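As they're listed, the protein sequences go chains A and B.
Take the first sequence: its letter number 93 is residue 93 in the numbering used here, and every next letter is one higher.
So the mapping is simple: the numbering used here equals the position in the second sequence, first residue as 1, plus 1000.
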Amino acid sequence: MKQLRIFIRKEFAHVLRDRKTLLILFGMPVVQILIFGFALTNEVKNSKILVVDHARDIASQQLVAQIEASRYFEIEKTAWNQQQIERGFHEGQIKMAIVIPVNFGQELMHQNDVQVQLIADASDPNLATTLINYASSVIQDYQLQVNETTKIPYRIIPETRMLYNPQLKGAHNFVPGVMALVLMLVCVMMTAVSIVKEKEAGTMEILLVSPFKPILVILSKAIPYLLLSLVNVTSILLLSVFLLDLPVHGSIVLLFAESTLFIITCLSLGIFISVKTDSQQTAMLISLMGMLLPTILFSGFMFPIENMPVPLQILTNIIPAKWYYIIVKSIMIKGLGIASIWKETLILAGITVFLLVISIKSFKIRLA
Amino acid sequence: MKEAVIKTENLTKRFGDFIATNALTLEVYTGEIFGFLGANGAGKTTAMRMLCGLSIPSSGNATIAGYDVYRETERIKKNIGYMSQKFSLYEDLTVLENIRFFGGIYGLSDDEIARKSDALITQLGLQNEAKKLVSGLPLGWKQKLSFSVAVLHQPKIVFLDEPTGGVDPVTRRQFWNLIYDAAEKGVTVFVTTHYMDEAEYCNRVSIMVDGKIEALDTPHNLKKKFNAFSMDEVFYQLARGAQRAE
């Protein structure tokens, strides 16, 4: 026990003395949260649009005012003819144009049938669709206001509710993703590198010749990174609560328990890589390409799994980060308890046990 | 009658069809400096790993400090020290921290560690460097420190795997003085080297060729037997017939 303590203290000395490691360890979660929270966002805000108002009556001006008032759009300019719309798109100044016909107000009031044209730059199809949707909903809102005064008997008004995330905040999606990513990076890469480093330096041989048990070598490598990773989880959660206004709806204790499970998964992956490689560079490369990339691609964090071809969908099941991502989303955002995520937890635990067994086994084989 | 602290009998290690170490039989006595020579790929490292309890032999018998290499590896590990060519200290820890760490994993008590690290630092003249990182020390000092750390827990045998690789002759000479000191205190030294002048410093040497021991005697007797002026010549005569090379 005392030996273990001495060993763990040494591991902490390694980490705390290496500025680069420290920076990666504690800087990365902060940077990732900041980048994903403020720079990389799918949300559309203040898109420049062009308005061609042929009507210029009260109704059309109300509509334009309402569009401008929404945070999605910013009216770049108003134009009077078709050529100006085209020039706007060519020059890339605008993303969408709205054309309001002559007699807009009159037709709206008396004929019940008026058309507004929306033209979007579909060279970026996702953005175009999003803008059209936003614009349609603003127009619909306006229509409802008008209709309040002039009752029309038959109509269907779809009432939408965005569950768990009514404001459609992007942060809800990425915080669990960043957690999976950071833990994967810290645990897999750092453990793999720290063990391989000992192999390279020849100190591993000394440890193996000493009476210190190999299983304790693994354990004392893993424990510091487990603790440091929990610090990381805490800092990500603090950032998300206080900086991104994203509260944790579910149980914090459960969240930490599940995170610990996932950290152990990553640690065993790291140990496995370190057993199979002999240089720090290889270990780092395998961790980055072999672990990080699948995590980004197949965890469902960046790209929806539902849209993937079936073989890839099946493949995603072996990515531990996928399950962790689902679990964290359920706890943090939906506020669900263990009753709803026991299946995912069980799968993650299964993967962990499997990895742990093979990494400890292969560590022993190396000794024989 | 001298007491044998390392005793092997037909110790063999096979990797598939390849026989890395073939029927190794030797005895090393307490307090002896034993030179374990051989070209690269002759099977020295494999043999040494078996003797240290790191690798399980395919066949044959061996006892190290009286303990069996098959069943009592844990006991063996407590009674041996080991130092490799790489010096094997933590570069990002201080001199003192290294001593404490290795003392600690060998299960020395805090008092013992404190006492021994003081003595060691005084002996090596490292008073001013004790709190500095090992990475800043000159190679020769690292090597001496590494050796001292390997014998810190007073092992019966210390295994040195090419301990003087890449070091200048003056430092090598100083290093051998440390080895003599240890041997005088009764520590058995089992050393591999490629420097034949170092082989002359040993009490007895064995020369391994293609996994087998081809010669085992004092340097003096070996030179006589092979009608050679130096160990260099003896080694060359034996090793040039080798089939295996790295």
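By construction, the Cβ of each residue, glycine as well, lies at the ideal position given by its N, Cα and C atoms.
Owing to the predicted nature of the structure, the values given are computational and were not obtained by experimental measurement.
Residue i touches chain B at which residues, Cβ-Cβ below 8 Å?
i, result
"residue 199/A", "Simply none; closest approach about 10 Å."
"residue 10/A", "1090, 1093, 1097, 1101"
"residue 13/A", "1092, 1093, 1097"
Going by the beta-carbon positions, is the gap between residue i and residue j smaller than 8 Å?
i, j, result
"residue 248/A", "residue 332/A", "yes"
"residue 316/A", "residue 335/A", "no"
"residue 1044/B", "residue 1027/B", "no"
"residue 233/A", "residue 179/A", "yes"
"residue 135/A", "residue 98/A", "yes"
"residue 1037/B", "residue 1094/B", "no"
"residue 214/A", "residue 20/A", "no"
"residue 1135/B", "residue 1092/B", "yes"
"residue 272/A", "residue 362/A", "yes"
"residue 1162/B", "residue 1192/B", "yes"
"residue 294/A", "residue 319/A", "yes"
"residue 6/A", "residue 1105/B", "yes"
"residue 1077/B", "residue 231/A", "no"
"residue 13/A", "residue 1097/B", "yes"
"residue 118/A", "residue 132/A", "yes"
"residue 207/A", "residue 4/A", "no"
"residue 255/A", "residue 328/A", "yes"
Output, in chain order, the set of chain A residues within a Cβ distance shorter than 9 Å of residue i.
i, result
"residue 1144/B", "By Cβ distance, chain A contributes nothing, its closest Cβ being about 16 Å from residue 1144/B, past 9 Å."
Name, please, each residue of chain B whose Cβ falls closer than 7 Å to the Cβ of residue i.
i, result
"residue 206/A", "1082, 1088"
"residue 211/A", "1074, 1077, 1078, 1106, 1107"
"residue 161/A", "The premise fails here: residue 161/A is roughly 56 Å from chain B at the closest Cβ pair, so nothing lies under 7 Å."
"residue 3/A", "1104, 1105, 1107"
"residue 203/A", "1088, 1090"
Output the boundary residues of the alpha helix (DSSP H) element that contains residue i.
i, result
"residue 84/A", "82 to 90"
"residue 383/A", "The structure shown does not extend to residue 383/A, since chain A is modelled only from 1 to 368, so the question has no answer here."
"residue 1046/B", "1044 to 1051"
"residue 1100/B", "1095 to 1105"
"residue 281/A", "280 to 285"
"residue 302/A", "Per DSSP, residue 302/A belongs to no alpha helix (DSSP H) and is neither H nor E."
"residue 1231/B", "1231 to 1239"
"residue 32/A", "28 to 34"
"residue 1177/B", "1169 to 1184"
"residue 1037/B", "Per DSSP, residue 1037/B belongs to no alpha helix (DSSP H); it is in the beta strand (DSSP E), 1033 to 1038."
"residue 1199/B", "1196 to 1201"
"residue 107/A", "104 to 110"
"residue 232/A", "214 to 242"
I believe residue i touches residue j by the beta-carbon criterion, under 8 Å. Please report the beta-carbon distance rounded to the nearest angstrom.
i, j, result
"residue 1084/B", "residue 201/A", "That belief does not hold up - the Cβ atoms of residue 1084/B and residue 201/A are roughly 10 Å apart, past 8 Å."
"residue 1208/B", "residue 1042/B", "4 Å"
"residue 1202/B", "residue 1031/B", "With a Cβ gap of about 13 Å, residue 1202/B and residue 1031/B do not count as contacting."
"residue 101/A", "residue 84/A", "Contact flag wrong, Cβ pair sits at about 16 Å."
"residue 1103/B", "residue 1116/B", "6 Å"
"residue 284/A", "residue 189/A", "6 Å"
"residue 1158/B", "residue 1149/B", "Not really, about 11 Å apart at Cβ, beyond 8 Å."
"residue 105/A", "residue 55/A", "6 Å"
"residue 1065/B", "residue 1242/B", "No, residue 1065/B and residue 1242/B are not in contact; Cβ-Cβ is about 31 Å, not under 8 Å."
"residue 15/A", "residue 23/A", "With 8 Å as the limit, residue 15/A and residue 23/A do not qualify as a contact, their Cβ atoms being about 11 Å apart."
"residue 360/A", "residue 218/A", "7 Å"
"residue 36/A", "residue 174/A", "4 Å"
"residue 69/A", "residue 50/A", "17 Å between Cβ atoms; not a contact."
"residue 1090/B", "residue 203/A", "6 Å"
"residue 71/A", "residue 48/A", "That belief does not hold up - the Cβ atoms of residue 71/A and residue 48/A are roughly 13 Å apart, past 8 Å."
"residue 1025/B", "residue 1059/B", "Not quite, the Cβ-Cβ distance comes to about 12 Å (not below 8 Å), so this is no contact."
What residue range does the beta strand (DSSP E) around residue i cover?
i, result
"residue 1061/B", "1059 to 1064"
"residue 1005/B", "1004 to 1015"
"residue 1190/B", "1188 to 1192"
"residue 191/A", "Where residue 191/A is concerned, there is no enclosing beta strand (DSSP E), although the alpha helix (DSSP H) it sits in stretches over 190 to 201."
"residue 1071/B", "Premise fails: residue 1071/B is in no beta strand (DSSP E) and is neither H nor E."
"residue 1134/B", "Premise fails: residue 1134/B is in no beta strand (DSSP E) and is neither H nor E."
So residue i contacts chain B; which residues on that side make the cut at Cβ distance below 9 Å?
i, result
"residue 7/A", "1101, 1104, 1105"
"residue 18/A", "1092"
Could you tell me whether the region 1072 to 1085 of chain B touches the region 176 to 190 of chain A, using the rule of 3 or more Cβ pairs below 8 Å? no
Validate contact between the region 1014 to 1029 of chain B and the region 1210 to 1229 of chain B using beta carbons, cut 8 Å, 3 pairs: yes
Do the region 217 to 227 of chain A and the region 264 to 282 of chain A touch if we need at least three Cβ pairs shorter than 8 Å? yes
Under 8 Å: do the region 1094 to 1102 of chain B and the region 1054 to 1071 of chain B share three or more Cβ pairs, one atom per stretch? no
Contact the region 26 to 35 of chain A vs the region 45 to 64 of chain A: 3+ CB pairs below 8 Å: no
For the region 1189 to 1202 of chain B against the region 1170 to 1179 of chain B, do three or more pairs of beta-carbon atoms, one drawn from each stretch, fall closer than 8 Å, so that the two count as touching? yes
Is the region 1048 to 1056 of chain B touching the region 1220 to 1240 of chain B, taking contact as three or more C-beta pairs under 8 Å? no
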